[in-house]
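Protein chains in written order, with full-length UniProt numbering: chain A, 1 to 391; chain B, 1 to 391. Glycine included, each C-beta is placed from N, C-alpha and C at the ideal position. One structure below.
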């Protein structure tokens with residue numbers, strides 16, 4: 001069984017109220033990105049001949065014993081067992097005793113620091129569900145791997161409801177609007193050179209929950225109203241509202257990282273130049289035409305509309321002149337070259353340029369949820385249950 | 001009349017609840033630095049022969065009409081008038097109709113980005129009070145110039161009580177402990193190269209009060225307990241407690257800057273390297289021996305004790321190798337050269353070095369409040385009421 005899963009970019013993230021069950025301290029929203037540009041493909045095979053569970057990520061075998069992977073496997077088998085008990089004589093019942101082999105690859109470099117674990121665990125949950133014949137809500141399975149993975153189980157605009165129950169049964173993802181809802185929306189990922197690997201988001205979030213006085217206040221008193229407002233902006237396709245809230249919320253998330261002790265900084269000097277660039281670009285137009293959001297790393301995710309993409313890409317090229325890789329600077333969706341007006345150049349010139357500060361841009365848009373790939377050539381595991389040489 | 005005033009470094013700063021009266025949204029604490037290293041010297045002269053108020057800062061005449069300067073002059077003359085009305089036949093009464101000439105110089109480069117306006121306005125208030133014969137509390141006069149100036153009117157450890165009255169009469173500075181209270185305490189100012197002038201603190205604070213949801217929460221729910229704890233740490237000379245609270249509060253102040261919209265970043269890449277250096281240094285020792293705090297700019301102010309200064313300066317030299325100005329790297333108090341253990345070097349080596357990232361260090365300590373200088377050679381204005389050629 002082969003599935004592909006999308007990467008999603010999220011807003012209004014917070015920490016976890018329960019580390020083991022991976023329950024968040026507040027609800028959050030995400031935009032699922034198109035798989036043509038960013039996806040994980042996963043193959044899972046079960047067989048009586050396999051003597052142990054095994055997993056290969058991007059062609060390299062990984063330790064299957066890591067706790068989050070084990071939690072996913074345990075949870076999917078528990079759901080399969082429940083289903084078998086409900087349906088006596090289920091033809092899949094014997095599958096429960098089978099070991100599984102899993103192979104997973106990304107179509108983008110993991111070194112880029114894009115949140116790949118969410119797509120990875122969503123794909124794992126989705127593919128295992130097919131193999132073990134589970135048809136129930138997979139939010140919990142995916143969530144056990146990586147909290148935000150539950151949001152990659154749907155296309156379009158997705159809400160991860162924090163839920164109230166201590167067992168987390170109501171901490172699930174649901175679609176706010178499908179991928180076809182806002183066709184003009186575009187997403188640019190500005191991949192930034194990082195000097196060193198930043199603090200991992202799981203470790204960072206835990207430290208924030210334990211030490212930041214501002215984080216709890218944000219979760220309880222700021223996020224609920226922002227969730228409602230963000231949902232309204234998406235439903236009404238109110239770009240300036242969506243954009244301003246996205247930026248404010250990214251900034252507030254990073255503020256809680258700075259309020260963590262010792263403090264965490266995911267934004268580097270190039271991230272800050274991008275922030276200033278966006279505000280200058282909007283100020284020049286007298287309108288909020290572009291928004292940034294930053295995850296647990298220095299890469300910027302830019303939201304804009306199709307009529308602004310070309311001019312903004314030109315502004316990025318101007319402020320971060322591509323060095324050696326001028327041709328490969330823009331990946332993904334085609335963007336026609338556009339001139340930069342002298343006025344805009346002057347408005348941006350207040351900030352110095354940084355050659356190679358932005359390594360490349362991935363242009364993409366909102367996309368659908370997990371897809372089942374029927375083409376056998378897409379399978380990552382051969383008939384022997386081991387990764388194909390080409391994979 | 002000539003006075004010299006100290007520079008102070010503050011903690012627990014917030015925004016203003018009243019811009020015109022310069023009333024803060026929370027109380028704050030500051031440490032007054034020694035005038036041997038950082039001070040402002042001010043001369044004020046009144047004469048019937050002067051046709052207008054005039055002011056010279058660091059030898060250059062400035063616009064005397066700027067609102068904050070006018071507010072100080074107005075307030076001091078109001079206090080002088082009140083005093084004259086109380087005392088009939090006051091010999092100074094005629095002085096009220098006199099215009100004033102003021103000259104002020106800093107003994108440190110203003111380009112270094114050290115908060116010089118607080119010392120400047122404290123000195124202005126103190127000197128004008130002498131000239132106009134005002135003996136009442138000068139907090140309000142100084143505050144009208146620059147909020148934090150009221151803290152430079154005292155030596156040692158100073159609290160600026162936010163007060164509750166809308167007219168600001170109870171928003172005054174008071175000494176928590178004199179400069180002799182904690183003789184082991186040392187202060188190092190790490191002057192960092194800034195690429196561009198950051199957002200001014202007054203403009204930045206106003207934007208934070210208007211747009212940061214976290215700032216109001218901080219002022220109401222975090223700062224009061226921290227003020228009490230900080231006062232206890234100072235009274236008991238509890239360095240680790242003082243140091244941790246200082247760092248946490250600096251981080252939280254900068255978190256509210258990041259939560260401002262558009263966001264403000266006073267910390268640059270070098271500031272962050274200093275933050276990491278301090279945490280690694282403390283982790284290596286298994287004890288909080290050094291603290292950082294950052295004002296509205298990239299310069300770090302380091303607090304430590306006399307037994308740690310030499311080793312920490314060696315660590316800074318190691319992480320930020322002085323380029324051309326090796327000899328002039330350390331200014332102020334003498335610090336004997338100290339070796340860096342191989343273990344500490346290894347602990348610090350995790351962070352790359354940045355040549356010239358720290359331009360120089362000013363080593364200083366806690367100092368006294370304003371001083372009256374009787375030596376006529378210290379006067380900045382000549383018999384003609386104009387700056388002396390040498391000034």
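Interface flag, residue i vs chain B, CB-CB below 8 Å
i: residue 393 of chain A; result: No information on residue 393 of chain A is available, as it lies outside the stretch 1 to 391 that chain A covers here.
i: residue 200 of chain A; result: no
i: residue 259 of chain A; result: yes
i: residue 344 of chain A; result: no
i: residue 299 of chain A; result: no
i: residue 379 of chain A; result: no
i: residue 224 of chain A; result: no
i: residue 235 of chain A; result: no
i: residue 71 of chain A; result: no
i: residue 251 of chain A; result: yes
i: residue 263 of chain A; result: yes
i: residue 279 of chain A; result: yes
Rounded C-alpha distance that separates residue i from residue j
i: residue 348 of chain B; j: residue 188 of chain B; result: 19 Å
i: residue 2 of chain B; j: residue 256 of chain A; result: 46 Å
i: residue 31 of chain A; j: residue 370 of chain B; result: 59 Å
i: residue 245 of chain A; j: residue 226 of chain A; result: 7 Å
i: residue 332 of chain A; j: residue 301 of chain A; result: 14 Å
i: residue 181 of chain A; j: residue 64 of chain B; result: 59 Å
i: residue 170 of chain A; j: residue 162 of chain A; result: 7 Å
i: residue 312 of chain A; j: residue 341 of chain A; result: 12 Å
i: residue 84 of chain B; j: residue 136 of chain B; result: 13 Å
i: residue 40 of chain B; j: residue 279 of chain A; result: 38 Å
i: residue 277 of chain B; j: residue 262 of chain A; result: 11 Å
i: residue 96 of chain B; j: residue 79 of chain B; result: 10 Å
i: residue 265 of chain B; j: residue 254 of chain B; result: 7 Å
i: residue 395 of chain B; j: residue 191 of chain B; result: As displayed, chain B neither begins before 1 nor continues past 391, which places residue 395 of chain B out of reach and without an answer.
i: residue 128 of chain B; j: residue 260 of chain B; result: 37 Å
i: residue 206 of chain B; j: residue 296 of chain B; result: 13 Å
i: residue 159 of chain B; j: residue 212 of chain A; result: 25 Å
DSSP three-state assignment for residue i, whether helix, strand or coil
i: residue 299 of chain A; result: coil
i: residue 275 of chain A; result: helix
i: residue 4 of chain B; result: strand
i: residue 391 of chain A; result: Residue placement at residue 391 of chain A cannot be trusted, given a pLDDT of 43 that sits under 50; the coordinates are not used to answer.
i: residue 146 of chain B; result: coil
i: residue 158 of chain B; result: strand
i: residue 249 of chain A; result: helix
i: residue 17 of chain A; result: strand
i: residue 28 of chain B; result: strand
i: residue 266 of chain B; result: coil
i: residue 138 of chain A; result: coil
i: residue 64 of chain B; result: coil
i: residue 294 of chain A; result: strand
i: residue 34 of chain B; result: coil
i: residue 172 of chain A; result: coil
i: residue 254 of chain B; result: helix
i: residue 95 of chain B; result: helix
i: residue 237 of chain B; result: coil
i: residue 39 of chain B; result: strand
8 Å Cβ cutoff, residue i in contact with chain A
i: residue 275 of chain B; result: yes
i: residue 254 of chain B; result: yes
i: residue 218 of chain B; result: yes
i: residue 272 of chain B; result: yes
i: residue 375 of chain B; result: no
i: residue 411 of chain B; result: Residue 411 of chain B is absent from the model: chain B starts at 1 and stops at 391.
i: residue 359 of chain B; result: no
Local Cβ density within 10 Å of residue i, reported as buried at 16 or more and exposed below that
i: residue 387 of chain B; result: buried
i: residue 248 of chain A; result: buried
i: residue 6 of chain B; result: buried
i: residue 375 of chain A; result: exposed
i: residue 82 of chain A; result: exposed
i: residue 179 of chain A; result: buried
i: residue 220 of chain A; result: exposed
i: residue 384 of chain B; result: exposed
i: residue 48 of chain B; result: exposed
* To do: At 3 residues or longer, and completely inside the segment 309 to 383 of chain B: list those beta strand (DSSP E) runs for me, N to C.
  => 330 to 332, 358 to 365
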